[in-house]
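Chemist:
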Amino acid sequence: MFRIGRIAGSDVLVSTSWFLVAALIAWIMGPRVDQVQPGLGGWKYVVGLAFAMALYLAILLHEASHALMARRFGFRVESITLHFLGGATAIDGEARRPGQEFWIAVVGPITSLAVGAAALGLWYLTPEGLLLLVIEGLAGANIIIGVLNLVPGLPLDGGRVLKAGIWAVTGKVHTGTVVAAWGGRVVALAVAAWAVLSAGQGYVVNPIVLAIVAVFLWTGASQSIAAAKVVRQLSTVAARDLARAALTVPEDLPLAEALRRAEEAGVRGIVTTTSAGRPVGVVSEEAVRAVPVERTPWVAVSTVARTVTDGRALPLGIAGDDLLAALRRTPSSEYVLVGEDGRVAGVLATADIIRAMRNR
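Taking the working numbering, the leading residue of the sequence shown gets 123, the next gets one more, and so forth.
(1) Expressed to the nearest angstrom, what Euclidean distance is found between the alpha-carbon atoms of residue 213 and residue 197?
(2) Please list, in chain order, all residues of the same chain as residue 467 whose beta carbon is under 8 Å from its beta carbon, the five residues on each side excluded.
(3) Which value, in whole angstroms, describes the spacing of the CA atoms of residue 326 and residue 244?
(4) DSSP state of residue 201, grouped into three classes?
(5) So, are the CB atoms of residue 206 and residue 140 less than 8 Å apart?
(6) Quick one: measure Cβ to Cβ for residue 187 and residue 233, integer angstroms, because I've assumed they're closer than 8 Å.
(7) State whether the stretch 337-346 contacts the stretch 304-320, with contact taken as three or more CB pairs (one from each stretch) at a distance under 8 Å.
(8) Considering just the uninterrupted stretch of the alpha helix (DSSP H) at residue 177, what are its terminal residues?
(9) So, helix, strand or coil for residue 390, using DSSP?
(10) Can you tell which of 443, 469, 318 and 131 has the C-alpha that lies nearest to the C-alpha of residue 393?
(11) Give the secondary structure of residue 326 by DSSP, where H, G and I count as helix, E and B as strand, and everything else as coil.
(12) Does residue 456 come out as helix, strand or coil in the three-state DSSP assignment?
(13) With a Cβ-Cβ cutoff of 8 Å, do residue 418 and residue 375 count as a contact?
(14) Would you call the CB atoms of residue 436 and residue 361 closer than 8 Å?
(15) Helix, strand or coil, according to DSSP, for residue 440 in the structure here?
(16) Per DSSP, which one or two residues make a beta bridge with residue 132?
(17) Compare the C-beta of residue 430 against all C-beta atoms of chain B and say whether one is closer than 8 Å.
(18) I need the DSSP call for residue 480, collapsed to helix, strand or coil.
(19) Which value, in whole angstroms, describes the spacing of the CA atoms of residue 426 and residue 211?
(20) Which word fits residue 131, buried or exposed, when buried means at least 16 other C-beta atoms lie within 10 angstroms of its C-beta?
(21) Tell me which residues share the same chain as residue 152 and place their Cβ nearer than 7 Å to its Cβ, disregarding the 5 neighbours each side in the sequence.
(22) Pull up the CB-CB distance for residue 346 and residue 299, whole angstroms please, since I reckon it's below 8 Å.
(23) Can you give me the Cβ contacts of residue 433 inside the same chain, cut-off strictly under 6 Å, excluding the 5 residues immediately before and after it?
(24) Starting from residue 419 and walking both ways along the beta strand (DSSP E), at which residues does that stretch end?
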């Protein structure tokens with residue numbers, strides 16, 4: 123993965139798979155370049171490579187429009203990645219309203235269609251030659267990208283548009299996600315059938331590319347269904363119900379003594395605090411297991427505790443979608459639960475959440 127710059131405050135990354143696609147595009151474009159301007163020899167592939175770069179610049183505009191719209195709604199955009207199948211924008215968090223989901227999704231295809239329309243306009247003004255060939259390719263490719271991305275099935279943008287519409291009508295984001303994801307599975311099966319038909323007609327490259335696209339669509343749709351199931355289960359989970367009783371200890375207490383006190387008190391959570399009772403760290407079970415027993419009297423409990431940042435301190439009453447959003451913002455194995463007075467009320471372990479969802 124290579125970083126090539128920043129857009130909307132986010133890193134723009136290029137996957138190594140992009141170079142394979144660029145080479146494939148250059149190879150496919152070579153014979154067409156020969157038809158337009160014979161005698162270029164190996165330079166015809168350089169022209170093909172230039173077209174590949176121009177095409178991915180247009181894809182970058184598509185992804186940047188997603189990023190800018192997400193930023194407008196207050197979301198943090200982690201990165202924009204260009205890869206084998208186009209691009210992807212990593213947005214931190216989920217849309218809170220159908221309108222946000224709709225606009226963040228639809229702006230990408232609109233951008234591609236706008237670029238395609240602009241290239242089509244230039245096509246009428248450009249004289250015959252290599253430049254016309256490149257503009258012609260950009261016009262067709264961007265219009266195709268815009269239209270295909272509006273196909274109503276996740277993980278395509280059109281699937282997110284469909285999800286937003288069903289969400290708006292039913293008021294249930296879960297229903298919108300599942301319907302749009304099944305739409306994606308139907309599209310994946312259609313693409314797979316197209317790949318089989320193409321193979322039967324003697325093509326080689328087309329069936330391979332179509333098969334890869336079909337797998338990508340099916341996998342993305344299936345992941346969306348699985349994620350929707352998790353979200354639905356988590357919407358019924360309350361942190362208070364899963365809270366482990368916690369022992370508060372000073373940071374410099376030996377680990378052996380902290381463990382002894384926790385066992386004596388019959389609690390599974392240990393939190394280090396200041397003298398005023400403010401939580402400083404939450405002890406990690408994984409880190410404790412990594413310390414040899416004979417070393418525990420000589421190791422301070424703070425050395426096996428994760429610092430309690432804002433994201434690792436959650437209100438005792440947090441539940442459902444708010445809990446899910448908090449877990450996504452700051453992934454951790456343990457969280458400190460605090461009461462209204464700011465004092466430690468318990469420890470919430472991610473393992474307990476997973477166990478609770480499996481039992482539902």
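Idealized CB from N, CA, C, for every residue including glycine.
Modeler: On the basis of the supplied data:
(1) As a position in the sequence shown, residue 213 is number 91, starting the count at 1. As a position in the sequence shown, residue 197 is number 75, starting the count at 1. Straight-line Cα distance between these residues: approximately 7 Å.
(2) By one-based count along the sequence shown, residue 467 stands at place 345. The answer, listed in chain order, is 365, 368, 438, 459, 460 and 461.
(3) Here residue 326 refers to the residue found at position 204 of the sequence shown. Here residue 244 refers to the residue found at position 122 of the sequence shown. Any answer about residue 326 is weak, because its pLDDT of 49 lies below 50 and its placement is not dependable; what the coordinates show is given next. Distance between the alpha carbons of residue 326 and residue 244: 33 Å.
(4) On the sequence shown, position 79 is the one that residue 201 refers to. Strand.
(5) Counting from 1 along the sequence shown, the entry for residue 206 is found at position 84. Counting from 1 along the sequence shown, the entry for residue 140 is found at position 18. Yes; because the gap between Cβ atoms is below 8 Å, this pair is in contact.
(6) Position 65 of the sequence shown holds residue 187. Position 111 of the sequence shown holds residue 233. The C-beta separation of residue 187 from residue 233 comes to about 4 Å, placing the pair in contact by the 8 Å criterion.
(7) The stretch 337-346 makes contact with the stretch 304-320; the number of CB pairs closer than 8 Å reaches 3 or more.
(8) Position 55 of the sequence shown, counted from the first residue, corresponds to residue 177. Here the alpha helix (DSSP H) through residue 177 covers 165-194.
(9) For the purposes of this step, residue 390 is identified with residue 268 of the sequence shown, where counting begins at 1. Of the three classes helix, strand and coil, the one that applies to residue 390 here is coil, per DSSP.
(10) For the purposes of this step, residue 393 is taken as the residue at position 271 of the sequence shown. Cα-wise, what sits closest to residue 393 is 469.
(11) Counting from one through the sequence shown, the residue named residue 326 turns up at place 204. Any reading at residue 326 must be qualified, since the residue scores a pLDDT of 49, below 50, and its modelled position is unreliable; the value itself is stated next. Three-state DSSP puts residue 326 in coil, outside helix and strand.
(12) Your numbering for residue 456 matches position 334 in the sequence shown. Reduced to three states, the DSSP call for residue 456 is strand.
(13) Taking the sequence shown and counting its residues from 1, one reaches residue 418 at position 296. Taking the sequence shown and counting its residues from 1, one reaches residue 375 at position 253. Contact: no.
(14) Residue 436 sits at position 314 when you count from the first residue of the sequence shown. Residue 361 sits at position 239 when you count from the first residue of the sequence shown. Contact flag set, yes.
(15) Translated into the one-based positions of the sequence shown, residue 440 becomes position 318. Note: residue 440 maps to coil in three-state DSSP.
(16) As a working note, residue 132 is residue 10 in the sequence shown. Under the DSSP definition of a beta bridge, residue 132 partners with 129.
(17) Protein chains in the displayed structure number just one, and chain B is not present.
(18) Here the question's residue 480 lines up with position 358 in the sequence shown. In the structure shown, residue 480 falls within a helical segment according to DSSP collapsed to helix, strand and coil.
(19) For the purposes of this step, residue 426 is taken as residue 304 along the sequence shown, with counting starting at 1. For the purposes of this step, residue 211 is taken as residue 89 along the sequence shown, with counting starting at 1. Their backbone Cα atoms lie some 35 Å apart in a straight line.
(20) For this step, residue 131 is matched to residue 9 along the sequence shown. By the 10 Å Cβ count, residue 131 comes out exposed.
(21) Counting from 1 along the sequence shown, the entry for residue 152 is found at position 30. For residue 152, where only same-chain residues beyond five positions count, the Cβ hits under 7 Å are 166, 167 and 170.
(22) As a first step, residue 346 must be located in the sequence shown, where it is residue number 224. As a first step, residue 299 must be located in the sequence shown, where it is residue number 177. About 6 Å separates the CB atoms of residue 346 and residue 299; that is less than 8 Å, so the two are in contact.
(23) Along the sequence shown, read from residue 1 onward, the residue named residue 433 stands at position 311. Closer than 6 Å at Cβ, skipping near neighbours: 451 and 452.
(24) As a working mapping, residue 419 is identified with position 297 in the sequence shown. Residue 419: not part of any beta strand (DSSP E); DSSP gives it neither H nor E.
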